[in-house]
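Residue numbers (my numbering), protein chains in the order written: chain L, 7 to 102; chain A, 31 to 426.
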């Protein structure tokens, strides 16, 4: 939300969005209360976190390693709950 | 000036609205039958079935679905018509706000009928009033000719690029919906000269994707509402322009407010719908006796024509504001509250009293109206209102 918000004369009618895929501009990471921290040394590249993330905010790399996109992760904790080797822990935002 | 080809045919108010929707060449009709507007939907379904009208007729399972489908079709760029009454409008309620907020220029006929309970199929203005805050433009007809004329004008108003708001055409249940009258209707090929096909703005198109109805929280919701408030205010000059254009086109004069005897009236009745005609008849009789009475009726109810009403009413001594509904627990009837609010800041303004009449189809008789004018004259004479709320035609 660093961008300057527009006034009512500057927006299209009906609150409609005229630019496709504009959700990339709407960062939801600041909704987060708990932050997932991934311990890469424990990760077995099973990709369950990547499958289960509803956002999806788990980014998958070529070698099946993953990282969390904090611009969009809302901190729901599903990844930490599903991880079979407990490689992800949820910590209070700002307290890591 | 070019003479528009017309013919005179006999139609009920409902059939007249259906005929107008057909001549408007609507693309989509999405509606559910409910008395007293059922004939509108029936007649339109026959037009489509007979091949007289090339439109998609969507026989939905409820009014909530009727208006939901109408919203989708309207946003896709279609010219869309629906109709309802009373409980049907109540079932549409959440979609009424959505249609207006999404700026879907749907035209809806509302066969004004009382809300339950007790169940009743006859005229009250409960349904029109229930939609007053939703963001729809509302027009009131007085007879089948006006219902036909205003339906055609409603499409032109709603779809204007400066407006893009859904519009209701009110017609009093049974009194207008089922009244059979000789109407002057246009020949089919004349109508596009007044009402050309719709040219949609922001049409839903897979090749140019846009999003209607996204989420907006504390960051944008208020700006969107501020913009919508401006949109309905700004519709007023366009409505006047369309009424004026139609008057020239048809030779039948339309203005947002109709007045009778207001040049020198000392007391006035302010009213919506079919009762206006009876009130004018009574005023005419009383004026023969030298009584300075007048009648003000609103063709345009939303947006509320504040400035023009103030100009018309400020010089009368007493105005009786008639409500064919009741706003339970409020300071008065719905029209009474509007007019009180419109006049409050004026230094010159009439005394007001509120008349509740005609609920559930109770007749509003000549003698009822005469008694209201006489009460207004009495209050004008005394210089004060003795009873602010008067129920007329009820057994006390």
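Idealized CB from N, CA, C, for every residue including glycine.
Where residue i sits in the DSSP three-state scheme
{"i": "residue 232 (chain A)", "result": "coil"}
{"i": "residue 18 (chain L)", "result": "coil"}
{"i": "residue 211 (chain A)", "result": "strand"}
{"i": "residue 202 (chain A)", "result": "strand"}
{"i": "residue 1 (chain A)", "result": "Limits of chain A in this structure are 31 at one end and 426 at the other, which puts residue 1 (chain A) out of reach."}
{"i": "residue 310 (chain A)", "result": "helix"}
{"i": "residue 430 (chain A)", "result": "The first residue shown for chain A is 31 and the last is 426, placing residue 430 (chain A) beyond what the model contains."}
{"i": "residue 49 (chain A)", "result": "helix"}
{"i": "residue 128 (chain A)", "result": "helix"}
{"i": "residue 60 (chain A)", "result": "strand"}
{"i": "residue 174 (chain A)", "result": "helix"}
{"i": "residue 100 (chain A)", "result": "helix"}
For residue j and residue i, the rounded distance between their alpha carbons
{"i": "residue 289 (chain A)", "j": "residue 343 (chain A)", "result": "10 angstroms"}
{"i": "residue 48 (chain L)", "j": "residue 86 (chain L)", "result": "13 angstroms"}
{"i": "residue 25 (chain L)", "j": "residue 265 (chain A)", "result": "27 angstroms"}
{"i": "residue 227 (chain A)", "j": "residue 109 (chain A)", "result": "8 angstroms"}
{"i": "residue 312 (chain A)", "j": "residue 397 (chain A)", "result": "8 angstroms"}
{"i": "residue 184 (chain A)", "j": "residue 62 (chain L)", "result": "46 angstroms"}
{"i": "residue 341 (chain A)", "j": "residue 262 (chain A)", "result": "21 angstroms"}
{"i": "residue 320 (chain A)", "j": "residue 38 (chain A)", "result": "37 angstroms"}
{"i": "residue 94 (chain L)", "j": "residue 59 (chain L)", "result": "13 angstroms"}
{"i": "residue 14 (chain A)", "j": "residue 377 (chain A)", "result": "This structure does not reach residue 14 (chain A), given that chain A is present from 31 up to 426, and the question cannot be answered."}
{"i": "residue 157 (chain A)", "j": "residue 83 (chain A)", "result": "29 angstroms"}
{"i": "residue 27 (chain L)", "j": "residue 238 (chain A)", "result": "12 angstroms"}
{"i": "residue 70 (chain L)", "j": "residue 97 (chain L)", "result": "24 angstroms"}
{"i": "residue 232 (chain A)", "j": "residue 23 (chain L)", "result": "10 angstroms"}
{"i": "residue 41 (chain L)", "j": "residue 81 (chain L)", "result": "5 angstroms"}
{"i": "residue 200 (chain A)", "j": "residue 13 (chain L)", "result": "35 angstroms"}
Residue i at chain L interface by Cβ criterion, 8 angstroms
{"i": "residue 104 (chain A)", "result": "no"}
{"i": "residue 257 (chain A)", "result": "yes"}
{"i": "residue 232 (chain A)", "result": "yes"}
{"i": "residue 164 (chain A)", "result": "no"}
{"i": "residue 305 (chain A)", "result": "no"}
{"i": "residue 365 (chain A)", "result": "no"}
{"i": "residue 197 (chain A)", "result": "no"}
{"i": "residue 239 (chain A)", "result": "yes"}
{"i": "residue 35 (chain A)", "result": "no"}
Min CB distance residue i to chain A below 8 angstroms
{"i": "residue 34 (chain L)", "result": "no"}
{"i": "residue 26 (chain L)", "result": "yes"}
Residues sharing a beta bridge with residue i, DSSP
{"i": "residue 386 (chain A)", "result": "A:353 and A:421"}
{"i": "residue 138 (chain A)", "result": "A:112 and A:198"}
{"i": "residue 324 (chain A)", "result": "A:298"}
Contact test: residue i Cβ vs the ligand PLP heavy atom, cutoff 7 angstroms
{"i": "residue 55 (chain A)", "result": "Looking for the ligand PLP in the displayed structure turns up nothing, as the structure carries no ligands at all."}
Cβ-based contacts, 9 angstroms cut-off: residues of the region 10-24 of chain L near chain A: 11, 12, 13, 14, 15, 16, 17, 18, 19, 20, 21, 22, 23 and 24
Residues in the region 243-254 of chain A with C-beta within 7 angstroms of chain L's C-beta atoms, listed in sequence order? 244, 246, 249, 250, 253 and 254
Which residues of the region 116-142 of chain A have a Cβ closer than 8 angstroms to any Cβ of chain L? Give them in chain order. For the region 116-142 of chain A, which is checked against every Cβ of chain L, the residues closer than 8 angstroms are 131, 132 and 133.
Anything in the region 388-418 of chain A with a Cβ closer than 8 angstroms to a Cβ of chain L? List those residues in chain order, please. none
Taking a cut of 7 angstroms between CB atoms, which residues from the region 187-212 of chain A lie near chain L? 194
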